[in-house]
Amino acid sequence: MDILAVLAAVLGVPALLAGLWYWIARGNKRGVRRAAAGGILGIADEVFRPATHQAHQVQRIEHELPAPAPAPKPKR
Numbered sequence: 016m017d018i019l020a021v022l023a024a025v026l027g028v029p030a031l032l033a034g035l036w037y038w039i040a041r042g043n044k045r046g047v048r049r050a051a052a053g054g055i056l057g058i059a060d061e062v063f064r065p066a067t068h069q070a071h072q073v074q075r076i077e078h079e080l081p082a083p084a085p086a087p088k089p090k091r
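Numbering-wise, the sequence shown is residues 16 to 91 according to our numbering.
Structure follows, in C-alpha cells:
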C-alpha cells in the first residue's frame, strides 16, 4: 500500500500542476483578467522563467514613486 501512496504523490503533483497550468493558459486566451491569477502566474514566472520574473520586478520598482528624502536634522 505504501508504494501506491508514493506513486500517487509522485504522479499526482505534476498532473495537478499541468492541469493548473492548462487552466490558467486557457483563461488567458479567453481574455480573463490576469489580476485574478496574478499570484499564481508570479510564482510560475519566478520558478520557470526567472528572467521574466526579474524584469517584472524591475518594471514595478521603476514605476513606483521614490521614497521621500529624510527630513533634515534640526540645528541646535
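We treat Cβ as the ideally placed atom computed from N, Cα and C, and that holds for glycine.
Residue range of the alpha helix (DSSP H) that includes P83: Residue numbering aside, residue 83 sits at position 68 when the sequence shown is read from its first letter. Looking at the DSSP string, P83 is not in any alpha helix (DSSP H), and its letter there is neither H nor E.
For V62, which of L19, L26, A23 and L32 has the nearest alpha-carbon? As a position in the sequence shown, residue 62 is number 47, starting the count at 1. Closest in alpha carbon position to V62, among L19, L26, A23 and L32, is L32.
In angstroms with no decimal places, state the Cα-to-Cα distance between Q69 and K90. To locate residue 69, count along the sequence shown from 1; it is residue 54. To locate residue 90, count along the sequence shown from 1; it is residue 75. Going from the Cα of Q69 to the Cα of K90 covers about 43 Å.
In whole angstroms, what separates the C-alpha of I18 from that of A24? The residue given as residue 18 occupies position 3 in the sequence shown. The residue given as residue 24 occupies position 9 in the sequence shown. Cα to Cα, the separation comes out at about 10 Å.
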